[in-house]
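First residue of the sequence shown: 168, per this note's numbering; consecutive thereafter. Just so you know, even glycine gets a beta-carbon here, dropped at the ideal spot from N, CA and C. Let me begin by presenting the structure, written as structure tokens, before commenting on it.
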Amino acid sequence: MDRDAVYELTRQIPAGRVTTYGALAAAAGNPGAARGVGMLMHTNPDAPRTPCHRVVYSDGRLGGYGAKEGTGLKVERLHAEGVEVDGGRVKLFADRFFADFKRIR
Numbered sequence: 168m169d170r171d172a173v174y175e176l177t178r179q180i181p182a183g184r185v186t187t188y189g190a191l192a193a194a195a196g197n198p199g200a201a202r203g204v205g206m207l208m209h210t211n212p213d214a215p216r217t218p219c220h221r222v223v224y225s226d227g228r229l230g231g232y233g234a235k236e237g238t239g240l241k242v243e244r245l246h247a248e249g250v251e252v253d254g255g256r257v258k259l260f261a262d263r264f265f266a267d268f269k270r271i272r
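Printed below as a string of structure tokens:
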């Protein structure tokens with residue numbers, strides 16, 4: 168999987184929206200590589216410019232967050248963008264879901 172391509176796709180997710188590890192993997196041309204995307208998000212060297220906090224599980228659960236502050240910071244960043252989180256899940260997930268990625272190469 169092309170690390171730079173995944174990060175470039177991640178930068179397309181608008182504030183106030185979320186996508187999934189699987190949607191990112193599919194957009195990068197590797198639909199079965201959701202776990203690989205998760206590892207890339209965990210090691211993201213350029214947060215918040217590459218907004219890995221906007222990437223969640225397919226059921227709306229937050230998943231992990233590689234920052235020292237952990238998922239609490241992920242929740243704070245999502246809240247600051249108007250995304251509500253309750254019980255570790257994105258509220259109104261279907262309304263917040265983004266998958267309109269533009270081809271990058």
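Which value, in whole angstroms, describes the spacing of the CA atoms of residue i and residue j?
i, j, result
"D253", "G196", "32 Å"
"R274", "G227", "Past the boundaries of the shown model lies residue 274; the chain is included only from 168 to 272, so the question cannot be answered."
"K241", "F265", "17 Å"
"A201", "L229", "14 Å"
"P181", "E236", "23 Å"
Considering only the alpha carbon of each residue, which of the options lies closest to residue i?
i, options, result
"A214", "F268, G189, R178", "R178"
"R170", "E251, E236, G203", "G203"
Quick one, are the C-beta atoms of residue i and residue j less than 9 Å apart?
i, j, result
"G183", "G239", "no"
"V223", "V257", "yes"
"A190", "G199", "no"
"G231", "G255", "no"
"L176", "F268", "yes"
Based on the DSSP secondary-structure assignment, which residues constitute the bridge partners of residue i?
i, result
"T186", "V222"
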